[in-house]
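One structure is given here, and the rest of the page talks about it.
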Amino acid sequence: MARSQPGTSVIVYEPHLCTGCRYCEIACAVWHCGEIDVTRSRIRILFDEGRTTERYAAVNCQHCDDAICCAVCPSEALQKDETTGWVTQNATTCVGCEMCIVACPLSVPFFDPALKVAVKCDFCLGAPECVKHCSSGALRLCAREEAVRVNARLYLGAKDDR
Amino acid sequence: MSTQVTRIFRFDASGCNGCDIEVLEASTLVSLGELGIEIAERPEDANLLVVTGGSNLKSKRELEIAYNTMQAPKTVVAVGSCAATMGIFKGGYSMAGPIDNIVPVDLYISGCPPRPQVILGALADALHLNVEGMAELLRTPQGFRGDPHVDEAKCVGCGACAHVCPADAIEIVGNGATRRVRFMHKDCIFCGSCQDVCPSEAVELRAGQKAWFQAKDASLSEAHLAVGHCHLCGAPYVPEAQMAWALRRLDEKLALGASERGMVERSLGICMHCRRTSIAEVREAKRALASLARGSSA
Numbered sequence: 706m707a708r709s710q711p712g713t714s715v716i717v718y719e720p721h722l723c724t725g726c727r728y729c730e731i732a733c734a735v736w737h738c739g740e741i742d743v744t745r746s747r748i749r750i751l752f753d754e755g756r757t758t759e760r761y762a763a764v765n766c767q768h769c770d771d772a773i774c775c776a777v778c779p780s781e782a783l784q785k786d787e788t789t790g791w792v793t794q795n796a797t798t799c800v801g802c803e804m805c806i807v808a809c810p811l812s813v814p815f816f817d818p819a820l821k822v823a824v825k826c827d828f829c830l831g832a833p834e835c836v837k838h839c840s841s842g843a844l845r846l847c848a849r850e851e852a853v854r855v856n857a858r859l860y861l862g863a864k865d866d867r
Numbered sequence: 115m116s117t118q119v120t121r122i123f124r125f126d127a128s129g130c131n132g133c134d135i136e137v138l139e140a141s142t143l144v145s146l147g148e149l150g151i152e153i154a155e156r157p158e159d160a161n162l163l164v165v166t167g168g169s170n171l172k173s174k175r176e177l178e179i180a181y182n183t184m185q186a187p188k189t190v191v192a193v194g195s196c197a198a199t200m201g202i203f204k205g206g207y208s209m210a211g212p213i214d215n216i217v218p219v220d221l222y223i224s225g226c227p228p229r230p231q232v233i234l235g236a237l238a239d240a241l242h243l244n245v246e247g248m249a250e251l252l253r254t255p256q257g258f259r260g261d262p263h264v265d266e267a268k269c270v271g272c273g274a275c276a277h278v279c280p281a282d283a284i285e286i287v288g289n290g291a292t293r294r295v296r297f298m299h300k301d302c303i304f305c306g307s308c309q310d311v312c313p314s315e316a317v318e319l320r321a322g323q324k325a326w327f328q329a330k331d332a333s334l335s336e337a338h339l340a341v342g343h344c345h346l347c348g349a350p351y352v353p354e355a356q357m358a359w360a361l362r363r364l365d366e367k368l369a370l371g372a373s374e375r376g377m378v379e380r381s382l383g384i385c386m387h388c389r390r391t392s393i394a395e396v397r398e399a400k401r402a403l404a405s406l407a408r409g410s411s412a
């Protein structure tokens, strides 16, 4: 399966910096759909003010190497670009079987009833709007190698070796 | 052999004329006189009405007149998708059909248009004609697509066929414990798109057709699937067969480690709504993906 070449960048989300403003969702919806409809945003921020820990989380594409969505796609509509590191979806070859939606542990792709296909984060083809509009710095671009370390620290309890 | 002479009047209820050409072709395949069929020139002389097209506001009145003036016992055969459902004209501002909204229909012949062999076979069936020795004539020609058939053992119930179907002939019904995938004869135009997109190769357009029905909502083929329930909220979400297919596919394409595979399998048991709305689940999923990423980069 396809893996990114060294030096590609990826979006990381650090929940302890997030304020839950949801500007990323609005920016995403406006860029992709031309309207402020956060239900069509490719990124989703969850927050629960009642909790003392783990109050924020984001459903955002990790643009995985050996991506699960690409592996299950029967029509090869989901492709990993090794040069850029992006996992993008071709709406014209997608058949709307929802396999990617079912298989992705985060369920990042979602079904667009108007287009009858799955849609997902496409990295805004280079300059992600969510990152551009994140004022708190919770979303940022970083090298994939660093992102792997950050996520391991955040979710696997690994000590950061920076 | 029917004792009574059948006099057919063909009524064009504002279709595209595709069906009319096939009806004409059907009438040239055999000698109608030998089968006890005559062509009526006026509806007053006919006792069988062959209707093509979905009927618009203008032809509706004429169709009513034709039906009222024809001789008893009256038989109406609706030829083609338009006659059954208005087909591609569905939603048109001038449409008054489908035909069974205007006159009672005894037999529906599906297709866009139906093949002449199918029209002839349907008429022979409806009129109890003796067509022995005509089997070769009524056979679907080589290379033509037949009825869609769904293999229940292979179908995963994903609904891709329904999304792609240009004629909206595929119904996905039931959001509870079972899901049914139904191929409706009345709409099907035998285009084969369902067969093309099916991820599990469960749909096949088989050679041969018996595409005529007395019941309008009869299905050509259907599959029943058990739907999985979310381990968190208990709500039904996708068919169990779809989850199993996804997991099988992952095993084929990716060499997942045992613990990563376990995490993916666990997430398959949770509905998409919970995966996208529960903070704990999002963290769990990111844990799985972080673990996969670490494995990939190692």
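Those protein sequence lines, which keep their order, are chains C and Z.
Following this note's numbering, the numbering of the first sequence begins with 706 at its first residue and continues without gaps.
Following this note's numbering, the numbering of the second sequence begins with 115 at its first residue and continues without gaps.
Even for Gly, the Cβ is constructed at its ideal location relative to N, Cα and C.
In DSSP terms, what Z:R124 is bridged to: Z:V164
CB contact flag (Z:L403, C:L811, <8 Å): yes
Residue range of the unbroken beta strand (DSSP E) whose run includes Z:G342: S333 to H343
Z:E362 classed as buried or exposed, judged by whether at least 16 other C-beta atoms fall within 10 angstroms: Rather than Glu, the amino acid found at residue 362 of chain Z in this sequence is Arg. Flag for Z:R362 reads exposed.
Beta-carbon neighbours of Z:Q356, restricted to chain C and to distances below 9 Å: C802, E803, M804 and V807
Through-space distance from Z:L243 to Z:S116, alpha-carbon basis: For Z:S116, the predicted model reports a pLDDT of 45, less than 50, meaning its position is unreliable; a value from the coordinates is still stated below. Using only the alpha carbons, I get a separation of about 6 Å.
Host beta strand (DSSP E) of C:Q784 (start-end): L783 to K785
Residue range of the beta strand (DSSP E) that includes Z:P353: P350 to P353
Collapsed DSSP secondary structure at Z:Q356 in the structure displayed: helix
Under 8 Å between C-beta atoms of C:A707 and C:K785: yes
Inter-residue Cα distance where the pair is Z:C388 and Z:S195: 42 Å
Boundaries of the alpha helix (DSSP H) in which Z:Q309 is found, first to last residue: Note, Z:Q309: alpha helix (DSSP H), S307 to V311.
Counted within 10 angstroms of its Cβ, other Cβ atoms place Z:Y351 as buried (16 or more) or exposed: buried
Z:M115 in three-state terms, based on DSSP: Bear in mind that a pLDDT of 41 at Z:M115, under 50, signals an unreliable position, so the number given afterwards is only what the model happens to contain. Note: Z:M115 maps to coil in three-state DSSP.
Test item: CB-CB of Z:A325 and Z:P228 under 8 Å: Result yes, Cβ atoms of Z:A325 and Z:P228 sit closer than 8 Å.
Host beta strand (DSSP E) of Z:R397 (start-end): Note, Z:R397: premise wrong, no beta strand (DSSP E); alpha helix (DSSP H) at I393 to S411.
Z:R397: contacting residues in chain C (beta-carbon distance under 7 Å): E759, A762 and Y860
Simplified DSSP state of Z:S169, which is helix, strand or coil: coil
Beta-carbon separation (whole angstroms), Z:R408 vs C:V853, contact threshold 8 Å: With 8 Å as the limit, Z:R408 and C:V853 qualify as a contact, their Cβ atoms being about 6 Å apart.
Own chain residues within Cβ distance below 7 Å of C:M752, not counting five before or after: Checking the sequence, you will find Phe at residue 752 of chain C rather than Met. Correct list, in chain order: G725, R760 and Y761.
C-beta atoms of C:I806 and C:N765 nearer than 8 Å: no
Z:Q231 - containing alpha helix (DSSP H), residue span: P230 to A240
Segments assigned beta strand (DSSP E), at least 3 residues, entirely inside the segment 772-847 of chain C: Listed in chain order, the beta strand (DSSP E) elements of length 3 or more contained wholly in the segment 772-847 of chain C are 783-785, 792-794, 815-817 and 822-824.
C-alpha distance - Z:L143 paired with Z:L234, whole-angstrom precision: 8 Å
Reduced DSSP secondary structure (H/G/I, E/B, other) of Z:P262: strand
Identity of the residue in C:D742, C:S714 and C:H721 nearest C:I731 by Cα: C:D742
C-beta contact flag for Z:C275 and Z:V317 at 8 Å: yes
Interfacial residues, the segment 818-851 of chain C to chain Z, with Cβ spacing under 9 Å: K821, V822, R849 and E850
Within chain Z, partners of C:V777 - CB distance below 7 Å: Per Cβ cutoff of 7 Å: A360, R363 and L364.
Neighbouring residues, chain C, relative to Z:P313 (Cβ below 8 Å): Using a Cβ-Cβ cut-off of 8 Å, Z:P313 is close to P779, S780, V800, C802 and M804 of chain C, given in chain order.
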